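Asker: Numbered per my numbering, the sequence shown spans residues 317 to 1084.
Would you mind keeping the following structure in view while I ask a few things?
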Amino acid sequence: MLIAVTSGFVFALVIPLIMGRLKSKSTLWAALLPLSIFVFFLSILPEIQDNGHIRVSYQWVPSIGVNLDFYLDGLSMLFVLLISGIGTLVFIYTSAYLKGHHFLDRFYAYLSMFMASMLGLVLSDNIYTLFIFWELTSISSFFLIGFNNDSEASRKSALTALAITGIGGLFLLAAMVGLGHVTQLNQISAMSSLSEVIQGNNLYGWILLFLFLAAFTKSAQFPFHFWLPGAMKAPTPVSTYLHSATMVKAGIYLLARFTPVLGNHEWWNGPLIIVGAITMVYAAIHALFRLDLKGILAYSTISALGILVFLIGLGSSAALLAAAIFILVHALYKATLFLVTGIIDHETGTRDVSQLRGLNKVMLPVGIAALLAAISNAGIPPSFGFVGKDLIYAATLGMGDLAWPLTILAIITNVALLFAGFLAGIKPFFGKLPERFQNLHLPGPAMYAPPLLLGILCILFGLAPFLLEISLIHPVVAGLTGTDPDFHLQLWHGFNLILLLSVITIGSGTALYFILKPSENLLSKVNAFEGISPESIVRLISRGFAKFSSGWTRFFQNGYLRYYLITILGFISLMLAYRLFTGITLYVDTSTMTTVTFYEAVVLIIMAVAIFFTVFSKSRLVAVASMGVVGYSFCLIFLFYSAPDLAMTQFSIDTLTVILFVLVLYNLPKYLKLSDTRDRIRDGLLSLAFGTLISILTLEVMNETVSKETSQYYAENAYILGKGKNVVNVILVDFRGFDTMVEITVLAIAAIGVFGLLKLHLRSTEKE
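Okay, here's the thing in structure tokens:
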């Protein structure tokens, strides 16, 4: 499993080199990577069927419990097969769709990196590696959505998607940290046995909140849904792979994975039912009025994701079975419709559904694929979608007092989704072919074969659902419910209430398709409410925050060093003053102080005079020289107290500082009045306050009991461990070597900066 995950990242690194050396124009060979992963996991499907799961672990950072723990059960197997299977078809489709593109190698690199991230996400059994792969999916999807980076709309959509999903990533990290704190475990599979402990903890509500926010942002739930329609600016292979089968279902996977751990509680079920119901109805109704094929598919995808959240919220065995089936149903028909949309756009140059019709006459295989997908989307027998829709109604009807309200919401959603599916999968292909499309031709097999294969599977799994029942769906439901589920998938259940609801759905949706004709007029009426949409509200908040940030930055980062120092020293002074006021009783023991010698008094007088000249001198060079005198005075004090090494260090630093200051200031005017009397009074008062507080703090430190453990350790081990007799030097070079290295680096950077400024000034002078 580790090889399967890492192979995508390795492939992303080497494919630009491979494609640069290969002379062949075909890139079909790139599909071998996802195909080999698909075949590998398909080969171990019987083991999952027999044993329930496979767990492997590789040490990574064992000191903090972060290991590469992988857990393959029915749920992760379902997602792995979708990721690698549909990924294979997308890679094949891309070889024709983007053939000859200048950055095709870059696109494949992003695509394989995303595939590897998704595989790592659904296989992770460690809460922290789960977070890492979650973030990698956001980053790689950012590159894919913004692939056409010469388009402002693409860049904007990519940033919006990254911002929304990135915020969700922070919430996921908080949820994982909370779970780790409560359970004292890092392995997700081991947490299910502690479900009652977690639900009884005070952090349970916060963990749920953060986990929900992570899932809702990733899976485009209301009110975070708006990033998904915007992401349709990406090339069609991206929309197919990310926004129908994989990335947007990452949030669904997260909820499903933690259902045994956090589920079966009113705090879990209630919010998921409410958010899922709002999302599925809201997005399905929006899909009715869209004209752009990708827009229709985007909103119908959001609605389908809402259905999945809704089913997970119901939480019953029937609902979880319906969710498991619908994950696969939706991936098959929606990936087909996205690929078909890409072909239509590629050949006709438009995605406006009001202008498309009759395309069966020029691209019949594509029309067949679209028709099969539309039938499955509508839940018409003998499609796999019919099986999935029946299970949804069975789940809602089993909810007791809420059965009919929930069922009615499901019917409304399915009717609207049927309409959207017919609009995207049937309308462009039937009717009279417009004259401007007469010369269109069928694209190559690399483009129409993938959607045709997926469309056929939509019908095959409907006719023979037993192909999936025992081998795949049974382990999924068993993992979600923690029991051995008893169900039997079949196309025909006889005449019953569920069949009647299916007939009502199909009839109502079909009638709506013939009655409602989407148009610019209808779309404009819907767009009239755009001002109160979640996207508009979020953008308004974003603009307000940007203005606040700009004002904050201009105030604090105004380019004046003086104000930076005022802010820093003022804040420190307030903190010190508060600490001294609340918790320190000043006591000065004069008996422990030595008498001031004549030499010390002279040095102190020199320092005072030098400070006076530094503050009040009108010449910068005089001020710099006076600061040097202050530094040299400290050198003498160090010598008086038997610290010649410190004295030499201080002497070197002060000499260097003075020289640098003189070099910097040499070509500047001798004096410029940059502050008035009020500013100087303010600076003087702040300096006096800060100096006084530091003096008081120093006196207080003298009263503290001295602990010599640290100094004794260094004195005893300086020669033994550091092989040096000068304890201070050993500390700087050995015990705190990294600190010293960083300090030297800072000084070197500062010196380079000063040198660069000097050279820049000299060059400008030479030009003059």
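All residues carry an ideal CB built from backbone N, CA and C; glycine is no exception.
Nothing here was measured: the structure is a model prediction, and the numbers come from that model.
State the DSSP-derived secondary structure class of Y829, mapped to helix, strand or coil.
Answerer: DSSP places Y829 in helix when its eight states are reduced to three.
Asker: Quick check on E1084: does DSSP put it in helix, strand or coil?
Answerer: Its pLDDT being 43, under 50, E1084 is placed unreliably in this model, and the coordinates cannot settle the point.
Asker: I'd like the span of the alpha helix (DSSP H) that includes I1036, first residue to last.
Answerer: Note, I1036: alpha helix (DSSP H), 1025-1038.
Asker: Candidates Y615, N383, L527: which alpha carbon is nearest Y444's?
Answerer: N383
Asker: What residues are listed by DSSP as bridge partners for D608?
Answerer: D668
Asker: Rank I848, V912, L722, Q754 by C-alpha distance to the C-alpha of G674 and give the top, closest one.
Answerer: Closest option to G674, judged by alpha-carbon separation, among I848, V912, L722, Q754: Q754.
Asker: Taking the C-alpha atoms as reference points, what is the distance between K1024 and F1051?
Answerer: The straight-line gap from Cα to Cα measures roughly 17 angstroms.
Asker: For a minimum of 4 consecutive residues, which ranges assigned as the alpha helix (DSSP H) are wholly contained in the region 341-368?
Answerer: 348-359, 361-367
Asker: Any beta carbon of chain D sitting closer than 7 angstroms to that of V1046?
Answerer: The chain inventory of the structure shown lacks chain D, comprising one protein chain alone.
Asker: Output the distance between the C-alpha atoms of D992 and E1016, rounded to the nearest integer angstrom.
Answerer: 36 angstroms
Asker: In its own chain, which residues sit with a C-beta less than 8 angstroms from the C-beta of Y615, not counting the 5 before and 5 after it?
Answerer: Same-chain partners within the cutoff: P545, A599, A600, H602, A603, R606, A736.
Asker: Out of I1012, L1004, F325, V625, point me to the one whose CA is closest to P587's CA.
Answerer: V625
Asker: Answer yes or no: do P539 and D421 have a C-beta to C-beta separation smaller than 7 angstroms?
Answerer: no
Asker: Taking a contact to mean a Cβ-Cβ separation below 7 angstroms, would you say I708 touches A651 in this structure?
Answerer: For I708 and A651, no; Cβs fall outside 7 angstroms.
Asker: Among E512, L756, D970, which has the Cα closest to the Cα of M943?
Answerer: D970
Asker: Go to F845, then tell me how far its beta strand (DSSP E) extends in each direction, as first and last residue.
Answerer: Note, F845: premise wrong, no beta strand (DSSP E); not H, not E.
Asker: Look at the alpha carbon of T1081 and the alpha carbon of G324, and state the distance between them as a whole number of angstroms.
Answerer: Low confidence applies to T1081: its pLDDT is 44, below 50, so where it sits in the model is not reliable enough to give any reading.
Asker: What does the Cβ neighbour count give for I380, buried or exposed, with the cut at 16 atoms within 10 Å?
Answerer: So I380 ends up on the exposed side.
Asker: Quick one: residues in its chain with C-beta nearer than 6 angstroms to the C-beta of L734, no 5 flanking neighbours on either side, listed in chain order?
Answerer: A694, G825
Asker: For the beta strand (DSSP E) holding L388, just list the boundary residues, first then last.
Answerer: 382-389
Asker: By a C-beta neighbour count over all protein chains shown, 10 Å radius and 16 as the cutoff for buried, is D995 buried or exposed?
Answerer: exposed
Asker: In three-state terms, what does DSSP make of S273?
Answerer: No statement about residue 273 is possible, as the shown extent of the chain runs from 317 to 1084 and does not include it.
Asker: What is the rounded straight-line gap between the Cα of V669 and the Cα of E836?
Answerer: Taking the straight line from one Cα to the other gives about 11 angstroms.
Asker: Quick check on this structure: which residue in S633, L558, V577, G875 has the alpha carbon closest to the alpha carbon of L613?
Answerer: L558
Asker: L832: buried (16+ other C-beta within 10 angstroms of its C-beta) or exposed?
Answerer: Here L832 is exposed. Its C-beta has fewer than 16 other C-beta atoms within 10 Å.
Asker: Strictly by DSSP, which residues pair up with N442?
Answerer: Q503
Asker: Exposed or buried, which one is V304 when buried takes at least 16 other CB atoms within 10 Å?
Answerer: Coverage of the chain is limited to positions 317 through 1084, which leaves residue 304 absent and any answer about it impossible.
Asker: Given a cut-off of 7 angstroms on the beta-carbon distance, is the pair F803 and G704 in contact?
Answerer: no
Asker: How far does the alpha helix (DSSP H) with R878 in it reach, from first residue to last?
Answerer: 877-899
Asker: Could you round the C-beta distance between S454 and K549 to whole angstroms and report it? I think they count as a contact, below 8 angstroms.
Answerer: Going by Cβ atoms, the distance from S454 to K549 rounds to 17 angstroms, so no, they are not a contact pair.
Asker: Compute the Euclidean distance between the alpha carbons of R1079 and A939, then round it to the nearest angstrom.
Answerer: Reliability fails at R1079, whose pLDDT of 47 lies under 50, so the model's placement of it is uncertain and no value is given.
Asker: Decide if G629 is buried, meaning its Cβ has at least 16 other Cβ atoms within 10 Å, or exposed.
Answerer: buried
Asker: Name the residue from R573, L495, F532 whose alpha carbon lies nearest to the alpha carbon of V513.
Answerer: Checked all of R573, L495, F532; the closest Cα to V513 is L495.
Asker: Three or more C-beta pairs closer than 8 angstroms, one from the region 711-728 and one from the region 787-807: is that the case here?
Answerer: Remark: fewer than three beta-carbon pairs, one from each stretch, lie closer than 8 angstroms, so the region 711-728 and the region 787-807 are not flagged as touching.
Asker: Out of curiosity, what's the CA-to-CA distance linking H809 and G416?
Answerer: If I take the Cα positions, the gap works out to 51 angstroms.
Asker: Quick one: any contact between the region 525-537 and the region 555-574, if contact means 3 or more CB pairs under 8 angstroms?
Answerer: yes
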